[in-house]
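If you want this note's numbering, it's the position in the sequence shown, counting the first as 1, plus 1.
Worksheet for the structure shown next.
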Amino acid sequence: MYPIQTKHQPFSFYIIVSFGQWIFSALEVIPSLLIGDMEYLHNDYHCQVAPSSMRGSLIVCVLGFLFPFIIIACSYVYTIYYIRQHSSTIITTKQRKSMRRDMIILKRVLIILTLLTSSAAPHAFFPVAYRFLGSLPTWHILYKKWNMDSCMCINAYLFKFITYNIQYIQIAQLQRVAQSKQNRRKWVPLCTYNNKDDAINKIKNDDIWSKTHINITSEGKWVYDRCSQVKRHGKQSPVDIHLLYHSENECVTMYGTGLDHLHQQPKSTGIN
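Here's what the structure looks like:
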């Protein structure tokens with residue numbers, strides 16, 4: 002859905018909704034507890050709805066899958082209806098396009114909910130198999146857990162392919178990352194000084210006008226500097242050079258980037 006005017010919910014709203022989901026999940030189990038459909042599984046050392054109980058499995062399917070399915074579907078249908086009734090951007094000449102968009106949205110929601118609801122299949126299949134076979138394999142609990150986790154993961158990846166907005170956001174993010182990598186500075190070693198005093202004196206003698214205060218004191222410390230002007234051919238020339246100073250074993254190595262400013266024609270040979 003692509004409304005013209007967007008309204009973002011505060012972060013606290015999503016925190017409240019997250020806690021609400023936990024509470025709603027706990028309420029779904031209460032009917033099974035009251036009826037007595039919960040039992041202790043010796044093979045898995047925990048309590049859950051008995052896989053051999055047809056009544057318990059039906060209650061889980063209705064409350065845990067079918068009921069949320071209906072709520073989400075009704076919410077999406079009402080949202081589309083609400084936007085149609087209150088949005089001033091929908092014009093009569095564009096109603097056909099709007100209806101097509103609404104159908105696309107409903108199809109996507111149906112695909113997501115169908116895959117999510119398919120995780121309830123083992124809950125309905127195993128009780129039927131128990132009625133005919135009289136027993137269930139020991140791996141049926143693991144299969145149910147694997148099936149549910151797979152449906153959750155598939156839906157997370159499915160959002161990327163069926164929701165165009167998420168695709169655009171991801172493409173834009175990848176483009177920004179690629180652009181940042183292209184703009185990443187490439188540091189080139191310029192020279193090495195025998196000690197810190199020689200480095201500082203050399204910087205002063207070259208009349209490098211710094212935008213930051215150079216303080217090469219700590220061993221192994223990287224010091225960043227940005228130069229605004231450099232003396233070339235006896236004159237101060239504006240530049241934009243980024244420098245790094247690294248002191249190690251009493252020696253100071255200077256690295257630079259943005260050195261293309263020093264090779265502009267006709268004046269340029271480098272730092273004096």
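Glycine included, each C-beta is placed from N, C-alpha and C at the ideal position.
To which residues of the same chain is residue i closer than 7 Å at the C-beta, ignoring the five residues directly before and after it?
i: M39; result: S33, C48, Q49 and V50
i: D198; result: none
i: P69; result: none
In angstroms with no decimal places, state the Cα-to-Cα distance between residue i and residue j.
i: Y83; j: Y77; result: 10 Å
i: M104; j: T80; result: 13 Å
i: Y3; j: Y256; result: Only weak support is given to the placement of Y3: the predicted model assigns it a pLDDT of 46, under 50, and the value that follows is read from those uncertain coordinates. Approximately 49 Å between the Cα atoms of the pair.
i: V112; j: P190; result: Rather than Val, the amino acid found at residue 112 in this sequence is Ile. Near 57 Å, if we compare the C-alpha coordinates of P190 and I112.
i: A27; j: V18; result: 14 Å
i: G21; j: H141; result: 30 Å
i: F14; j: I31; result: 26 Å
i: A74; j: L42; result: 35 Å
i: R102; j: L114; result: 19 Å
Buried or exposed, going by whether 16 or more other CB atoms sit within 10 Å of the CB of residue i?
i: I16; result: exposed
i: I71; result: exposed
i: K145; result: buried
For a quick check, are the C-beta atoms of residue i and residue j less than 7 Å apart?
i: E29; j: L64; result: yes
i: P128; j: M55; result: yes
i: I155; j: L116; result: yes
i: Y158; j: S53; result: no
Please work out which residues of its chain come closer than 8 Å, Cβ to Cβ, to residue i, disregarding the five sequence neighbours upstream and downstream, and give them in chain order.
i: C252; result: T193, Y194, N195 and N196
i: I1; result: Nothing can be reported for residue 1: it is not among the residues displayed for the chain, which extend from 2 to 273.
Whole beta strand (DSSP E) elements within the segment 13-51, 3-residue minimum = Complete beta strand (DSSP E) runs here, min 3: 39-42 and 47-50.
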